[in-house]
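Numbering-wise (my numbering), the sequence shown opens with residue 21 and increments by one.
Here a beta-carbon is modelled for each residue, glycine too, at the ideal position from N, C-alpha and C.
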Amino acid sequence: MGKASRDKRDICFRKAKEEGWRARSAFKLLQIDEEFNIFEGVKRVVDLCAAPGSRSQVLSRKLYLPAKLSLNKEDGDRPLIVAVDLQPMAPIQGVIQVHNECTDS
Numbered sequence: 021m022g023k024a025s026r027d028k029r030d031i032c033f034r035k036a037k038e039e040g041w042r043a044r045s046a047f048k049l050l051q052i053d054e055e056f057n058i059f060e061g062v063k064r065v066v067d068l069c070a071a072p073g074s075r076s077q078v079l080s081r082k083l084y085l086p087a088k089l090s091l092n093k094e095d096g097d098r099p100l101i102v103a104v105d106l107q108p109m110a111p112i113q114g115v116i117q118v119h120n121e122c123t124d125s
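Now the structure itself:
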């Protein structure tokens with residue numbers, strides 16, 4: 021990738037980096053949730069092929085962190101978020117990372 025193509029990355033990529041997201045896919049997941057409210061009542065999530073972790077970041081911010089901050093929640097009531105990928109990722113609060121091939125039996 022040449023210098024010119026790096027300088028002209030789309031606005032969503034730059035905005036994601038400015039807001040601390042690992043990839044622009046976080047915006048798409050947030051947009052879907054805004055329109056369809058897909059996270060309501062969710063307690064268990066598996067993020068397959070999770071690297072670089074932007075979807076897991078969204079899950080942590082939308083599910084885990086609000087539950088952690090809620091004073092009436094017990095530890096067992098907190099959502100369980102598992103991210104699976106061959107590539108290692110930087111830690112994300114409330115996300116269990118599994119470095120493995122998800123198609124192995």
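Report task. Compute the beta-carbon to beta-carbon distance between Val-118 and Val-102, rounded to the nearest angstrom, for a pair I have assumed lies under 8 Å. Result -> 6 Å
Report task. Determine contact between the region 65 to 80 and the region 95 to 114, defined as no fewer than three beta-carbon pairs at a distance below 8 Å. Result -> yes
Report task. Within its chain, find whatever has a CB closer than 6 Å to the CB of Ser-76; leave out the 5 residues flanking it on each side and keep chain order. Result -> Asp-67, Ala-70, Ala-103, Ile-112 and Val-115
Query raised in the report: For Val-78, which three-state DSSP category applies?
Result: helix
Query raised in the report: What is the residue span of the beta strand (DSSP E) that Ala-71 lies within?
Result: Note, Ala-71: premise wrong, no beta strand (DSSP E); not H, not E.
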